[in-house]
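J.: Letter by letter, the sequence shown follows residues 0 to 507 of the working numbering. Structure in structure tokens, see below.
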Amino acid sequence: QEAAKPVRYGNMAPDRALATITLNSARELGLDKRMGSIEVGKDADLAIFNAHPLNSFARCEMTLIDGEVYFSRRTHPTAMSDSARQRTVSPKPVTWPAPADRRPTTLLPESDSQKGCYALVGGTLHPVSGPVINGTLVIRDGKITAIGTNAVPPADARQVNIAGLHVYPGLIDAGTTLGLAEIKKVRETLDFGEGGDLQPDLRAGVAINPDSELFPVARAGGITTALVHPSGGLIAGQASLVQLAGWTAPEMVVEYELGLRVHWPTDSSDTKRRQRADEFRRLIAQARQYHKLLKAARAAKQPGPIGDPRLDALGPYINRKRPVLVEAHSRRAIVEAIQFAKTEKLKLIITGGTNAWKVADLLKARDIAVIVGPVMRAPVKTWDPSDAPYANPGRLHEAGVRFCIRSDNAANSRNAPFEAAMAVAFGLPESEALRSVTLGAAEVLGIDKQVGSLEVGKVANIVILDGSPLQVTSQVKGVFVSGRPFRPESRQTRFYERYRRRLHTRGE
0 QEAAKPVRYG
10 NMAPDRALAT
20 ITLNSARELG
30 LDKRMGSIEV
40 GKDADLAIFN
50 AHPLNSFARC
60 EMTLIDGEVY
70 FSRRTHPTAM
80 SDSARQRTVS
90 PKPVTWPAPA
100 DRRPTTLLPE
110 SDSQKGCYAL
120 VGGTLHPVSG
130 PVINGTLVIR
140 DGKITAIGTN
150 AVPPADARQV
160 NIAGLHVYPG
170 LIDAGTTLGL
180 AEIKKVRETL
190 DFGEGGDLQP
200 DLRAGVAINP
210 DSELFPVARA
220 GGITTALVHP
230 SGGLIAGQAS
240 LVQLAGWTAP
250 EMVVEYELGL
260 RVHWPTDSSD
270 TKRRQRADEF
280 RRLIAQARQY
290 HKLLKAARAA
300 KQPGPIGDPR
310 LDALGPYINR
320 KRPVLVEAHS
330 RRAIVEAIQF
340 AKTEKLKLII
350 TGGTNAWKVA
360 DLLKARDIAV
370 IVGPVMRAPV
380 KTWDPSDAPY
390 ANPGRLHEAG
400 VRFCIRSDNA
410 ANSRNAPFEA
420 AMAVAFGLPE
430 SEALRSVTLG
440 AAEVLGIDKQ
450 VGSLEVGKVA
460 NIVILDGSPL
470 QVTSQVKGVF
480 VSGRPFRPES
490 RQTRFYERYR
500 RRLHTRGE
């Protein structure tokens, strides 16, 4: 996927992009006489893929070094089901426009207004909630007001010709620290965690930095909505739902208290894990007693107990009005979290869930959703198949488990759809991968009445591309957030243009 990014961001021809990890690399090392291309007399160092290597759905099937097979997918342990292996033998091919044929990125006007009327005409519309449509989509005052082959642009609409392009719902990153983290090596820019261990009263949305340079980066990648979560401690705080447009944090935050973020204990000692879980259990018991006293005091019109922000914050969670987002990756941690939620009567969503495929039947039986991610990571256990994290979403889909996919990283929020693409290469159907970062994510987060698909009445969160959002090589041409148009521009694209101009003007 890294080699495909120059095609997306630098408009590089695919063959030249492929050379950056083959022949060009060999030349840099002074080894191009031996390797880097397939030629008579060169070392038999070969990688055999089931599709073009820049196709996001491709995977390596065999690797040879000096003519000897060092890896073969056929004999290598796998977490994929038999049906998934058969389904992914030959991904559909991807065609790329010639660099000269790609449209400029000035497709949309830049607007400071939340209101306005736009008609996207001549493109291919992918509602996700229904079949693909060749027609028109109308946006007015931040909402989708018409979509279909018979939709007529209003007289006052600004028409945007998107012939040859594709329109999708704005992508959703269902777990990230976007807006809470800027530069990893600069501690002052990291505001996603506090020192306390039990802090359910903290809300991620309060700390959002609306001027973060990573917001336009993610938005230029098609991300329009993100679940921003705190981190650290046993109870890190409450995750907030954020739209990627606005001058201030209150303008950007859609819901301050969407879910309670909990890190399930990972201590190797059973005793220590139980002790940590008991801390959470005691806090829940205190919250129940506290709210019971509050209710009785209100009924009697008497003063209640002294206010406690932590116990106040737990109210909607102990009453199952909002979900508890439990970070758990191993099979043991997931099972323990499920049992804890059952005992304490909590509405549970598993986050992370790298080994959720091992308990998929249990998750399905309890109707527990999973926010998977990151997909591109190492296995939880050294004895797990190397493709277990990649095959995990496909196995959950086959079991009928509700799930979506996240990036879990501020700088990588723009890559959330590519996390889903990796899952396609290892068994997840493409349509389900698209759902996992659109309507499926909205359903898991309980916001599917507002976003996640292209439907009349929904918020106009839209991304326009020249291909599938799951393909790294596709270029984003424009984005709408709550009906407001944005060009796919960021600090990174500004620097790209600056230094590109410098290269082109040298010697003049």
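Glycine included, each C-beta is placed from N, C-alpha and C at the ideal position. The model shown is predicted, which means the values in this text are computed figures rather than measured ones.
Would you call the region 436 to 444 in contact with the region 163 to 170, where contact means no fewer than 3 C-beta pairs closer than 8 Å?
T.: yes
J.: Under the three-state reduction of DSSP, which class applies to Ala-180: helix, strand or coil?
T.: Counting from one through the sequence shown, the residue named residue 180 turns up at place 181. The answer is strand: DSSP assigns Ala-180 an E or B state.
J.: Can you find the residues in the same chain that come closer than 8 Å, C-beta to C-beta, to Asp-465, ignoring five residues on each side of it along the sequence?
T.: Here residue 465 is taken as the residue at index 466 of the sequence shown, counted from 1. Cβ neighbours of Asp-465 beyond the five flanking positions: Pro-96, Arg-101, Arg-102, Gly-163, Leu-164, His-165, Ser-473, Gln-474 and Lys-476.
J.: Just to confirm, are Ala-156 and Val-127 a CB contact at a threshold of 8 Å?
T.: As a position in the sequence shown, residue 156 is number 157, starting the count at 1. As a position in the sequence shown, residue 127 is number 128, starting the count at 1. No.
J.: Determine, using beta carbons only, whether Ala-219 and Glu-429 come nearer to each other than 8 Å.
T.: If you number the sequence shown from 1, residue 219 lands on position 220. If you number the sequence shown from 1, residue 429 lands on position 430. The answer is no: Cβ separation not under 8 Å.
J.: Taking its Cβ as the centre, do 16 or more other Cβ atoms sit within 10 Å of Gly-194, making it buried, or is it exposed?
T.: Against the sequence shown, residue 194 aligns to sequence position 195. Result: exposed.
J.: Quick one, which of Lys-183, Gly-236, Val-216 and Ile-47 has its alpha-carbon nearest Ser-206's?
T.: By 1-based counting over the sequence shown, the position of residue 206 is 207. Looking at the sequence shown, residue 206 is not Ser but Ala. Taking only the C-alpha atoms, the option nearest Ala-206 is Gly-236.
J.: Just to check, is the beta-carbon of Gly-232 closer than 7 Å to a non-hydrogen atom of the ligand MG?
T.: The ligand MG is absent from the structure shown, which contains no ligands of any kind.
J.: Taking the DSSP output, what are the residues bridged to Leu-197?
T.: Translated into positions along the sequence shown, residue 197 becomes position 198. Within the DSSP secondary-structure output, Leu-197 pairs in a beta bridge with Ile-234.
J.: Could you check the C-alpha separation between Phe-339 and Asp-360 for me, to the nearest Å?
T.: One-based indexing of the sequence shown puts residue 339 at position 340. One-based indexing of the sequence shown puts residue 360 at position 361. Put simply, the backbone Cα of Phe-339 is about 18 Å away from that of Asp-360.
J.: May I have the straight-line CA-CA distance separating Lys-448 from Asp-307, to the nearest angstrom?
T.: Translated into the one-based positions of the sequence shown, residue 448 becomes position 449. Translated into the one-based positions of the sequence shown, residue 307 becomes position 308. Their Cα atoms are separated by approximately 33 Å.
J.: Check whether the region 258 to 273 and the region 226 to 236 are in contact - that is, three or more C-beta pairs closer than 8 Å.
T.: Yes, the region 258 to 273 touches the region 226 to 236.
J.: Sorted by chain position, which residues of the same chain lie with C-beta nearer than 7 Å to Asp-407's C-beta, five sequence neighbours on each side aside?
T.: Translated into the one-based positions of the sequence shown, residue 407 becomes position 408. Answer for Asp-407: Gly-174, Thr-175, Gly-372 and Pro-373, listed in chain order.
J.: I'd like the span of the alpha helix (DSSP H) that includes Phe-339, first residue to last.
T.: Residue numbering aside, residue 339 sits at position 340 when the sequence shown is read from its first letter. Note, Phe-339: alpha helix (DSSP H), 330 to 343.
J.: If we ignore side chains and look at the alpha-carbon of each, how far apart do Pro-5 and Thr-62 end up?
T.: Here residue 5 refers to the residue found at position 6 of the sequence shown. Here residue 62 refers to the residue found at position 63 of the sequence shown. Straight through space, the alpha carbons of Thr-62 and Pro-5 are spaced by roughly 24 Å.
J.: What are the uninterrupted segments assigned as alpha helix (DSSP H) that are 4 or more residues long and contained completely in the region 394 to 440, given in chain order?
T.: 415 to 424 and 429 to 435
J.: So, helix, strand or coil for Asn-10, using DSSP?
T.: The sequence position of residue 10 within the sequence shown is 11, counting from 1. It is coil, neither helix nor strand.
J.: Per DSSP, what kind of secondary structure is Lys-142 in: helix, strand or coil?
T.: Here residue 142 is taken as the residue at index 143 of the sequence shown, counted from 1. Note: Lys-142 maps to strand in three-state DSSP.
J.: Can you give me the Cβ contacts of Thr-188 inside the same chain, cut-off strictly under 8 Å, excluding the 5 residues immediately before and after it?
T.: For the purposes of this step, residue 188 is taken as residue 189 along the sequence shown, with counting starting at 1. Same-chain partners within the cutoff: Ala-180, Glu-181 and Ile-182.
J.: Identify every residue that forms a DSSP beta bridge with Asn-133.
T.: For the purposes of this step, residue 133 is taken as residue 134 along the sequence shown, with counting starting at 1. Asn-133 pairs with Thr-123.
J.: Under 8 Å between the Cβ atoms of Ala-238 and Asp-172?
T.: Working through the sequence shown from its first residue, we reach residue 238 at position 239. Working through the sequence shown from its first residue, we reach residue 172 at position 173. No, these two residues do not count as a Cβ contact at 8 Å.
J.: If Pro-392 sits next to Leu-427, beta carbons under 8 Å apart, how far is it from one beta carbon to the other, in whole angstroms?
T.: For this step, residue 392 is matched to residue 393 along the sequence shown. For this step, residue 427 is matched to residue 428 along the sequence shown. Between Pro-392 and Leu-427 the beta-carbon gap is near 5 Å, inside 8 Å, which marks them as a contact.
J.: Figure out for me which residue from Arg-280, Pro-229 and Leu-243 has the closest Cα to the Cα of Asp-256.
T.: Along the sequence shown, read from residue 1 onward, the residue named residue 256 stands at position 257. According to the sequence provided, residue 256 is Glu. The question's Asp does not apply to it. When only C-alpha atoms are compared, the closest one is Pro-229.
J.: List, from N- to C-terminal side, the alpha helix (DSSP H) runs of 4 residues or more that fit wholly inside the region 252 to 302.
T.: 269 to 298
J.: To the nearest angstrom, how far is it from the Cα of Ile-317 to the Cα of Leu-324?
T.: Residue 317 sits at position 318 when you count from the first residue of the sequence shown. Residue 324 sits at position 325 when you count from the first residue of the sequence shown. So the alpha carbons of these two residues sit roughly 13 Å apart.
J.: Provide the residue span of the beta strand (DSSP E) that contains Ala-368, from first to last.
T.: Here the question's residue 368 lines up with position 369 in the sequence shown. Run containing Ala-368: 368 to 371, per the beta strand (DSSP E) assignment.
J.: Express the C-alpha separation of Leu-395 and Trp-356 in angstroms, rounding to a whole number.
T.: Indexing the sequence shown from 1 puts residue 356 at position 357. Indexing the sequence shown from 1 puts residue 395 at position 396. Roughly 6 Å separates the two Cα atoms.
J.: Less than 8 Å between C-beta atoms, sequence neighbours within five positions excluded: which residues of the same chain meet that for His-17?
T.: Along the sequence shown, one-based indexing puts residue 17 at 18. Note on residue identity: the sequence assigns Leu, not His, to residue 17. Only Ala-2, Pro-52 and Leu-53 meet the Cβ criterion.
J.: Hey, how far is the Cα of Ala-410 from the Cα of Gln-491?
T.: What you label residue 410 is simply residue 411 of the sequence shown in a count that begins at 1. What you label residue 491 is simply residue 492 of the sequence shown in a count that begins at 1. Distance between the alpha carbons of Ala-410 and Gln-491 is about 12 Å.
J.: Identify which residue in Asn-414, His-503, Leu-213 and Gly-192 has its Cα closest to the Cα of Gln-0.
T.: In the sequence shown, the residue the question calls residue 0 occupies position 1. Nearest option by C-alpha distance: Asn-414.
J.: Nearest to Gly-115 by alpha carbon, out of Ile-132, Arg-319 and Gly-141?
T.: On the sequence shown, position 116 is the one that residue 115 refers to. Out of Ile-132, Arg-319 and Gly-141, Gly-141 has the C-alpha closest to the C-alpha of Gly-115.
J.: Taking DSSP's pairing of strands, which residues face Asp-172 in a bridge?
T.: Locating residue 172 in the sequence shown gives position 173, where the first residue counts as 1. BP columns for Asp-172 point to Ala-225.
J.: With burial defined as no fewer than 16 other Cβ atoms inside 10 Å of the residue's Cβ, what is the status of Phe-56: buried or exposed?
T.: Indexing the sequence shown from 1 puts residue 56 at position 57. Buried, because 16 or more other Cβ atoms sit within 10 Å of the Cβ of Phe-56.
J.: Does Lys-476 come out as helix, strand or coil in the three-state DSSP assignment?
T.: Position 477 of the sequence shown, counted from the first residue, corresponds to residue 476. Taken through DSSP and simplified to helix, strand or coil, Lys-476 comes out as strand.
J.: By alpha-carbon positions, which one of Thr-148, Thr-381, Gly-258 and Tyr-8 ends up nearest to Asn-133?
T.: For the purposes of this step, residue 133 is identified with residue 134 of the sequence shown, where counting begins at 1. Of the candidates Thr-148, Thr-381, Gly-258 and Tyr-8, the one whose C-alpha sits nearest the C-alpha of Asn-133 is Thr-148.
J.: Whose C-alpha, out of Asp-190, Asp-210 and Ser-211, is nearest the C-alpha of Leu-201?
T.: Counting from one through the sequence shown, the residue named residue 201 turns up at place 202. Among Asp-190, Asp-210 and Ser-211, the Cα nearest to that of Leu-201 belongs to Asp-190.
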